[in-house]
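In my numbering, the protein residues as written are 72 to 629. Yeah, the Cβ is synthetic: ideal placement off N, Cα and C, and Gly gets one too. Keep in mind it's a predicted model, so treat the numbers as computed, not measured. Have a look at the structure below, then the notes.
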Ligand SMILES: Cc1ncc(C[n+]2csc(CCOP(=O)(O)OP(=O)(O)O)c2C)c(N)n1
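Structure (structure tokens):
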């Protein structure tokens with residue numbers, strides 16, 4: 072069929088099942104944005120107020136719907152603005168397609184100073200994606216969009232990129248549209264290693280599973296639950312893995328609980344996790360353990376991690392193969408031990424006030440299938456350990472990227488992708504400043520979203536660290552707008568409170584109201600939660616329990 076590159080783009084996106092496209096128009100994209108009219112109402116063009124929001128929204132959408140998120144931005148400054156969202160999606164293994172404009176094909180790499188020209192734009196896009204290409208003809212546009220979806224639906228879910236110069240969007244050519252990309256059969260684990268891993272697990276006295284976000288990405292939550300129950304193994308979930316097993320399950324533990332059980336483990340099965348603490352090292356020492364790694368990405372099982380058996384495979388296929396190979400095993404129930412570890416975790420968390428009380432209010436107000444989008448703010452950090460998660464994909468964090476300001480725009484993508492669900496975004500007054508213009512996007516598209524801003528008039532976390540390190544602080548004071556008036560200026564209801572009880576009332580009425588709303592919470596400095604996230608910088612009170620009581624297997628081997 073004869074069509075322009077822009078039409079090939081719009082129609083192939085529709086063929087791939089895309090229903091929402093987050094982007095901002097501009098001259099290099101005109102032939103693409105105009106062609107979107109041909110695919111109405113199948114593809115909704117959602118237009119935020121900054122390109123960073125376009126990529127954050129695509130990420131939030133992808134992480135909570137399980138469908139790829141798609142964003143489109145002009146070249147140069149447009150793509151530069153979108154990079155922080157793509158970097159966050161990369162860190163959090165989120166399948167996002169970024170369509171980037173380019174300067175005209177004949178000028179690429181020439182340095183003529185054309186509108187939006189930056190040197191090595193393709194390299195920039197490559198640095199935050201697992202796959203990226205530049206289309207040279209309309210036919211290539213369709214083929215590369217299709218290839219992008221093959222990439223999005225296979226292997227390690229991560230962002231992909233496609234650059235299309237304006238002359239290619241405008242050119243007419245013969246184009247074959249393709250049927251939607253189908254996910255290839257998931258990679259099965261190697262038989263010999265699977266047999267050995269099953270043997271190790273069979274022999275283990277106290278196996279522990281460490282589960283990451285790859286479990287949810289592979290749809291392996293049920294396989295994880297079954298294997299954990301078969302083994303009676305505590306399941307420690309990484310921050311990105313929260314929700315892989317409900318925190319109500321009697322074997323579920325947060326990362327903090329991992330510190331208690333890992334040292335006693337004799338086999339650790341790491342599944343769908345990088346198993347890295349952000350410093351390139353494993354989270355905890357498990358000195359007596361043999362390690363089994365199950366991951367779709369060889370690099371995530373390598374290098375700084377303890378040596379072990381490596382199963383390069385899809386998490387679901389791998390867990391199911393291990394369960395089959397293992398067969399029935401006789402195990403003592405570990406529920407009481409896990410409950411004791413959880414009680415200890417709760418004692419640690421009780422020290423972190425008022426964060427814990429605010430998190431309790433959030434948990435009690437948000438239904439199990441509602442989504443909490445966290446941020447780099449005091450209550451957000453504490454959510455890592457103080458916010459129970461009951462369903463997959465219901466706690467969103469920026470992962471190792473630690474992207475301040477990602478939260479509110481990301482939550483817009485979550486809410487737009489999940490119209491029937493409650494979505495709450497928590498922000499500090501600092502981080503909210505990165506995206507507050509998106510109140511206009513909330514007012515325009517009216518998603519079911521409550522935005523909470525904890526206002527301490529400071530970059531509070533930085534201030535506390537400065538004071539601890541230097542006994543003074545630099546550049547951390549904020550001068551805030553009146554957030555309630557700001558919401559009003561955008562046509563949104565706002566409310567100001569100053570306590571957990573006040574938040575409860577305001578949040579529950581905002582959720583009942585159904586539309587976008589803002590709640591400002593006046594707070595002051597809060598205690599540091601970091602010792603509960605990254606290692607014990609101060610001694611835990613009380614000392615951690617030994618989950619095994621008398622570790623019989625340890626005595627036997629010592
Ligand atoms: C993109 C980005 N810029 C800067 C930082 C550094 N940073 C981390 S936390 C923080 C302060 C956050 O302040 P606020 O949002 O008000 O939250 P609070 O700690 O006061 O609760 C800053 C500046 C970052 N992590 N990411």
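- In the DSSP annotation of this structure, the continuous segment of the beta strand (DSSP E) that includes residue 93 starts and ends at 91 to 94.
- Sequence-distant partners of residue 364 (beyond 5 residues in either direction) whose C-beta falls short of 6 Å from its own C-beta, in its chain, are 341, 372, 379, 381.
- Of the residues assessed, residue 456 falls on the buried side of the cut-off, its CB having 16 or more other CB atoms within 10 angstroms.
- In the structure shown, the three-state DSSP call for residue 245 is strand.
- Shown here, residue 349 sits in coil according to DSSP, grouped into three states, outside any helix or strand.
- As the crow flies, the alpha-carbon of residue 376 is around 8 Å from that of residue 347.
- Taking the CA atoms as reference points, residue 418 sits about 49 Å from residue 252.
- Closest option to residue 497, judged by alpha-carbon separation, among 478, 564, 122, 304: 478.
- Measuring C-alpha to C-alpha distances from residue 452 to each of 210, 130, 326, 306 identifies 326 as the nearest.
- The beta-carbon distance between residue 394 and residue 301, rounded to whole angstroms, is 6 Å. This is short enough to meet the 8 Å contact definition.
- In this structure, DSSP gives residue 237 a helical state, which the three-state scheme calls helix.
- Within the same chain, Cβ atoms closer than 8 Å to the Cβ of residue 175 are found at 185, 236, 237, 238, the five residues on either side in sequence being excluded.
- For residue 594, the CB contacts under 8 Å within the same chain, skipping 5 residues up- and downstream, are 425, 449, 525, 526, 527, 569 in chain order.
- With a cut-off of 7 Å, the C-beta of residue 162 is classified as distant from ligand 1, since no heavy atom of the ligand falls inside that distance.
- No heavy atom of ligand 1 is found nearer than 7 Å to the CB of residue 310.
- Just measuring C-alpha positions, the residue of 618, 574, 248, 227 sitting nearest residue 255 is 227.
- With contacts defined by Cβ atoms closer than 8 Å, residue 142 and residue 126 form a contacting pair.
- In its chain, beyond the 5 residues on either side, 209, 212, 239, 240, 242 have a beta carbon closer than 6 Å to the beta carbon of residue 76.
- Going by DSSP, residue 142 is part of the beta strand (DSSP E) stretching over 140 to 144.
- Excluding the 5 residues flanking it on each side, residue 505 has same chain C-beta neighbours closer than 6 Å at 476, in chain order.
- The alpha-carbon of residue 261 is positioned some 52 Å away from that of residue 571.
- Relative to ligand 1, residue 448 has its C-beta within less than 7 Å of a heavy atom.
- For residue 265, the CB contacts under 8 Å within the same chain, skipping 5 residues up- and downstream, are 382, 389, 392, 393, 396 in chain order.
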